[in-house]
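K.L.:
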Amino acid sequence: MRSARGRNLFFSTDVNRHIAEADIIFVSVNTPTKSFGQGAGRAADLQYWEKTARQIVENSTSPKIVVEKSTLPVRTAEAMEHILNYNSAGLHFDIVSNPEFLAEGTAIQDMQNPDRVLIGGKDSPSGQKAVQAIVDIYAHWIPLERIITTNLWSSELSKLAANAFLAQRVSSINAISALCEKTGADVTEVSHAIGLDSRIGRSFLRASVGFGGSCFRKDILNLVYLCEYYGLGEVASYWEQVIKMNEHQQMRFVSNMVSSMFNTVAGKRIALFGAAFKANTSDTRESPALVVCRALLEERAEIVLTDPHALDNARTDLGGAAHLVCFEPDPYAAAKGAHAIAILTDWAQFTKLDYDAIYKSMAKPAFIFDGRNILDHKKLHAIGFNVYAIGKPPLTHIPAI
Ligand code: UGA
1 MRSARGRNLF
11 FSTDVNRHIA
21 EADIIFVSVN
31 TPTKSFGQGA
41 GRAADLQYWE
51 KTARQIVENS
61 TSPKIVVEKS
71 TLPVRTAEAM
81 EHILNYNSAG
91 LHFDIVSNPE
101 FLAEGTAIQD
111 MQNPDRVLIG
121 GKDSPSGQKA
131 VQAIVDIYAH
141 WIPLERIITT
151 NLWSSELSKL
161 AANAFLAQRV
171 SSINAISALC
181 EKTGADVTEV
191 SHAIGLDSRI
201 GRSFLRASVG
211 FGGSCFRKDI
221 LNLVYLCEYY
231 GLGEVASYWE
241 QVIKMNEHQQ
251 MRFVSNMVSS
261 MFNTVAGKRI
271 ALFGAAFKAN
281 TSDTRESPAL
291 VVCRALLEER
301 AEIVLTDPHA
311 LDNARTDLGG
321 AAHLVCFEPD
331 PYAAAKGAHA
341 IAILTDWAQF
351 TKLDYDAIYK
361 SMAKPAFIFD
371 GRNILDHKKL
381 HAIGFNVYAI
391 GKPPLTHIPA
401 I
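Per the numbering used here, the sequence shown runs over residues 1 to 401.
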């Protein structure tokens, strides 16, 4: 950013002036889940997008291409087109959909080297000209065969569908992890075995305490709402199950913790390793770590939360419950005197800790619950830990009664 700033990258808060001067406007405002009125809890809240469209109209003196970069429900472009093109000045606006597929933590690599860039536009001559203008921008650094163009509705829907498919894979492997725990199968072995089938593929098959982040839940709920809106009840409940499975996986993890620790965690110190929804980000939105944290607080456990980067966000997101949690940046200090450790974020740092020293500092029997399957479970067991992972037979020192 530093190398481009002042050359062809400028930052400004003078929105109206830059609207007036621009030929192309990428609108990247947020579209959270609606929290009020019709569709509350499911539909996307489009008020920011609509306000921006109106602001563009009010400040334009020349025709423009308006690019939907935010994740939007299908056919949003239609509504925006009405708002933009019914203006008193008689100006023409072309709407193009160009959804963003980058993921947090790998944003720069994803931007420099994306699997594909998707650009959707209208079939009309001016719509196709607008699509070409956006293709030309990306063609500066992306091979043309990775830039695909579609109609507007395909492009809008592809974004929601891609996230729904990704989340579905995590929910599918997590569903299998529950069965593994009952049958003695090992989910890592199962996911390796199925992932080698090129039709299934290896990525996004890591069983976990559940998926989080600001996108998956929001986008699937939005998809569910769209299906319901179009009278497709069965389709809606098919996708809704991906969310339900995720909630089940988070709760199953907590129940496993409580039942393994002799059916009570009340008053027990528990160290939660990780607050972020995944490694390499400080983002705690929809983080399974905070769901687990809240559920254990309900059980009256004494929670110490540690994370290399996400503690400030965790404190904010926990809101009224934050005063019950001890926030401790040092994992060794967090584990000291604890009955259990739960690994909730896949930070590489957590794999490199001295678990011998950690074990010595803990209350006994010491438990470790690996919600990301990132630790060396046999080694931990040899140290003396009772080890519980996702979708694997537990390794314990407690004789069965
Ligand atoms: C996701 C998509 O991957 C991006 O392509 C998309 O652009 C983005 O949403 C968006 O809509 O903006 P992101 O939410 O940043 O990106 O993170 P992911 O890497 O997709 O991870 C989501 C969650 O799934 C995390 O909690 C992660 O730990 C979990 N996960 C992922 C698993 O539990 N197992 C896996 O095998 C993979």
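Note that beta-carbon positions come from the ideal geometry of N, C-alpha and C, so glycine has one too.
For a quick check, are the C-beta atoms of Ile-25 and Lys-51 less than 8 angstroms apart?
P.N.:
No, the pair does not count as a contact, with Cβ atoms beyond the cut-off.
K.L.:
For Asn-163, which residues of its own chain have a beta-carbon under 6 angstroms away from its beta-carbon, when the five flanking residues on both sides are left out?
P.N.:
Cys-215, Phe-216, Asp-219, listed in sequence order.
K.L.:
Would you mind giving the Cβ-Cβ distance between Leu-311 and Pro-288, rounded to the nearest angstrom? I have them listed as a contact below 8 angstroms.
P.N.:
Rounded, the Cβ-Cβ distance is 16 angstroms, inconsistent with contact.
K.L.:
Are there any heavy atoms of ligand 2 lying less than 7 angstroms away from the beta-carbon of Gly-371, as far as the coordinates show?
P.N.:
Ligands present in the displayed structure are limited to ligand 1, and ligand 2 is not among them.
K.L.:
For Ala-366, which residues from the same chain have a beta carbon less than 6 angstroms from its beta carbon, with the 5 sequence-adjacent residues on both sides left out?
P.N.:
Excluding positions up to five away in sequence, the list reads Tyr-359, Phe-385.
K.L.:
Does ligand 1 have a heavy atom nearer than 7 angstroms to the CB of Glu-100?
P.N.:
For ligand 1, at least one heavy atom lies less than 7 angstroms from the Cβ of Glu-100.
K.L.:
Taking the straight line between their C-alpha atoms, what separation do you get for His-192 and Glu-100?
P.N.:
Cα to Cα, His-192 sits roughly 29 angstroms from Glu-100.
K.L.:
Could you say which of Leu-118, Ile-83, Ala-335, Thr-188 lies nearest to Arg-206 if we only look at CA atoms?
P.N.:
Minimum Cα distance to Arg-206 is reached at Thr-188.
K.L.:
Are the beta-carbon atoms belonging to Asp-307 and Gly-337 less than 8 angstroms from one another?
P.N.:
No. Outside cutoff.
K.L.:
Taking 8 angstroms as the cut-off, decide whether the C-beta atoms of Lys-392 and Asp-186 are in contact.
P.N.:
Result yes, Cβ atoms of Lys-392 and Asp-186 sit closer than 8 angstroms.
K.L.:
What's the gap between the Cα of Ser-203 and the Cα of Val-242?
P.N.:
Answer to the nearest angstrom: the Cα atoms are 18 angstroms apart.
K.L.:
At 4 residues or longer, what runs of the alpha helix (DSSP H) sit wholly inside the region 25-92?
P.N.:
Listed in chain order, the complete alpha helix (DSSP H) runs (minimum 4 residues) inside the region 25-92 are 47-59, 76-85.
K.L.:
Could you tell me whether the region 16-35 touches the region 45-60, where touching means 3 or more Cβ pairs closer than 8 angstroms?
P.N.:
Segments in contact, yes.
K.L.:
Under a Cβ-count criterion, where at least 16 other Cβ atoms within 10 Å of its own Cβ denotes burial, should Cys-326 be classed as buried or exposed?
P.N.:
Burial call: exposed.
K.L.:
Starting from the C-beta of Gly-184, find all residues in its chain whose C-beta is less than 6 angstroms away, skip the five residues before and the five after it, and write them out in chain order.
P.N.:
Excluding positions up to five away in sequence, the list reads Pro-393.
K.L.:
Could you compute how far the alpha carbon of Asn-280 sits from the alpha carbon of Glu-104?
P.N.:
Between Asn-280 and Glu-104, the C-alpha separation is close to 8 angstroms.
K.L.:
Express the C-alpha separation of Thr-13 and Ala-175 in angstroms, rounding to a whole number.
P.N.:
Answer to the nearest angstrom: the Cα atoms are 47 angstroms apart.
K.L.:
Cβ-heavy atom distance between Asp-346 and ligand 1 below 7 angstroms?
P.N.:
True, at least one ligand heavy atom lies under 7 angstroms from that Cβ.
K.L.:
Mind checking who Gly-120 pairs with in its DSSP beta bridge?
P.N.:
Per DSSP, Ser-97, Thr-150.
K.L.:
What are the start and end residues of the alpha helix (DSSP H) that includes Glu-228?
P.N.:
Taken as a continuous stretch (DSSP letters only), the alpha helix (DSSP H) holding Glu-228 covers 216-229.
K.L.:
What does DSSP give as the partner residue(s) for Glu-156 in the beta ladder?
P.N.:
Paired residues: none, contrary to the question.
K.L.:
Pull up the CB-CB distance for Ile-348 and Ile-341, whole angstroms please, since I reckon it's below 8 angstroms.
P.N.:
The amino acid at residue 348 is misidentified as Ile; the sequence shows Ala. Actually they do not touch by this definition, with Cβ atoms about 16 angstroms apart.
K.L.:
Which one of Lys-182, Leu-157, Glu-181 has the shortest CA to CA distance from Arg-75?
P.N.:
Taking only the C-alpha atoms, the option nearest Arg-75 is Leu-157.
K.L.:
Does the separation of the CB atoms of Phe-93 and Val-66 fall below 8 angstroms?
P.N.:
Taking 8 angstroms as the Cβ cut-off, Phe-93 and Val-66 qualify as a contacting pair.
K.L.:
Which residue marks the beginning of the beta strand (DSSP E) containing Arg-269, and which one marks its end?
P.N.:
From DSSP, the beta strand (DSSP E) with Arg-269 extends over 269-273.
K.L.:
For ligand 1, is there any heavy atom lying closer than 7 angstroms to the beta carbon of Leu-160?
P.N.:
No, Cβ of Leu-160 sits at least 7 angstroms from all heavy atoms of ligand 1.
K.L.:
Does DSSP classify Thr-106 as helix, strand or coil?
P.N.:
Coil.
K.L.:
Is the CB-CB distance between Gly-127 and Thr-150 below 8 angstroms?
P.N.:
Against a cut-off of 8 angstroms, the Cβ pair of Thr-150 and Gly-127 comes out as no contact.
K.L.:
Along the chain, where does the alpha helix (DSSP H) that runs through Asp-356 open and close?
P.N.:
It spans 355-361 - the alpha helix (DSSP H) in which Asp-356 sits, taken as one unbroken run.
K.L.:
Given Thr-396, which residues of its chain have a CB within under 6 angstroms of its CB, disregarding the five upstream and five downstream residues?
P.N.:
The residues are Asn-386.
K.L.:
In whole angstroms, give me the CA-to-CA distance for Ser-259 and Lys-182.
P.N.:
Approximately 15 angstroms between the Cα atoms of the pair.
K.L.:
So, helix, strand or coil for Val-235, using DSSP?
P.N.:
Residue state, collapsed to three classes: helix.
K.L.:
Just grab the DSSP bridge partners of Leu-395 for me.
P.N.:
DSSP, once it has assigned bridges, lists Val-387 as partnering Leu-395.
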